[in-house]
Each structure stands twice: as structure tokens, then as C-alpha cells.
Amino acid sequence: MPKAKSKIQVVNKKASFDYEFLEIFTAGIVLVGTEIKSIRSGKVSLSEAYCYFDLTGQLYVRGLNISQYFWGSWGQHEPRRDRKLLLTRKELRTLRNAVREKGLTIVAYKLFVAENGYAKLVIALAKGKKIYDKRQSIKEKDIRREMERG
Numbered sequence: 412m413p414k415a416k417s418k419i420q421v422v423n424k425k426a427s428f429d430y431e432f433l434e435i436f437t438a439g440i441v442l443v444g445t446e447i448k449s450i451r452s453g454k455v456s457l458s459e460a461y462c463y464f465d466l467t468g469q470l471y472v473r474g475l476n477i478s479q480y481f482w483g484s485w486g487q488h489e490p491r492r493d494r495k496l497l498l499t500r501k502e503l504r505t506l507r508n509a510v511r512e513k514g515l516t517i518v519a520y521k522l523f524v525a526e527n528g529y530a531k532l533v534i535a536l537a538k539g540k541k542i543y544d545k546r547q548s549i550k551e552k553d554i555r556r557e558m559e560r561g
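For the sequence shown, our numbering assigns the number 412 to the initial residue and increments by one for each residue that follows.
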């Protein structure tokens, strides 16, 4: 039976400012212990999260900070451990081939709890922005803000 739709959604705003997203994927995360409870309470930080491939070809996320669960002390998890991401073989092959290209990386953009109760991580194949691209982003944001004001 599907659970009620959750409003939990953590976004990495810094990633969208520093990188230009080329392709977006939604991946499942392998969690242990009380990590899902901490995610549901919103105690997550994506600001330094990025993805890498290990020697066996599996995709992991590093720098994802899920705080320890505040209620109780038994069965706590390590907040900054590397977590395995679940993608199809085709998606993994696409990402692995793209990362070998110079200048591309995989960044964690958004973490949310799906309708079925599982935590999902939206990752993006990204290319770093130059300084003038960042200035252009700031200018566009200011123009948009002025248009909304009237």
C-alpha cells in the first residue's frame, strides 16, 4: 500500500549555481539504521555531495551529510559515510563513459522521499560554469526578481 505523499525535499542550490546540468537521473540510495528517519525529519545537507565510481563500477555518493537521529542512541549511523546509489546498468554505463570525458562530473542535486516511502537522490551529469557564466546567472535572477516586483 503506498504511503502518503511526503513533502520532504532537500535541494542543493549551490550545485545549480556552480554547474550547468547536462543530464538528470533519479537514483535510489542504500540506507542503514536510522538514516531514513533523519531524512524524513529534514536533517540532511547536500552542499558538498558528489558522486564517484569505485573499482567495481558501482556508483557512490560522498559528502552527503545525514545527521544522527535525535531520538535514542542505539543503532545510530555514521553521518558522512559513502552511500551506494541504485541505477540501471544502462544509466551507469552512460555516466561512466561521460565522466571519463574531461570537465564533466556527477553532482547530487535533490533528495526527496518518494510516494512509496523510499528515499531518492536526483543526480546530474554536470559541467562546471566559468565566472562569466555565473555572472550571467546572477543577472538573469535579478531581472526575474525585478519583473516579479512589478
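Even glycine gets a Cβ: it sits at the ideal position worked out from N, Cα and C.
{"query": "Through-space distance from residue 502 to residue 428, alpha-carbon basis", "result": "25 Å"}
{"query": "Identity of the residues DSSP links to residue 437 by a beta bridge", "result": "533"}
{"query": "Three-state secondary structure (DSSP) of residue 479", "result": "coil"}
{"query": "Range covered by the alpha helix (DSSP H) that runs through residue 491", "result": "Residue 491 -> no alpha helix (DSSP H), and no H or E assigned at all."}
{"query": "Simplified DSSP assignment, three categories, for residue 538", "result": "strand"}
{"query": "Buried versus exposed, by CB contacts within 10 Å (16 or more), residue 436", "result": "buried"}
{"query": "Selection from 447, 464 and 493 that minimises the alpha carbon distance to residue 509", "result": "464"}
{"query": "Burial state of residue 527, where buried means 16 or more other Cβ atoms lie within 10 Å", "result": "exposed"}
{"query": "Which listed residue (489, 506, 490 and 491) has its alpha carbon closest to that of residue 497", "result": "506"}
{"query": "Euclidean distance between Cα positions of residue 439 and residue 468", "result": "16 Å"}
{"query": "Cβ-based burial, residue 446 [other Cβ within 10 Å; buried from 16]", "result": "buried"}
{"query": "Contacting residues, own chain, Cβ-Cβ under 7 Å from residue 433 (five flanking each side not counted)", "result": "536, 537 and 538"}
{"query": "Minimum C-alpha distance to residue 453 - residue among 473, 460 and 478", "result": "478"}
{"query": "Extent of the continuous alpha helix (DSSP H) run through residue 450", "result": "446 to 451"}
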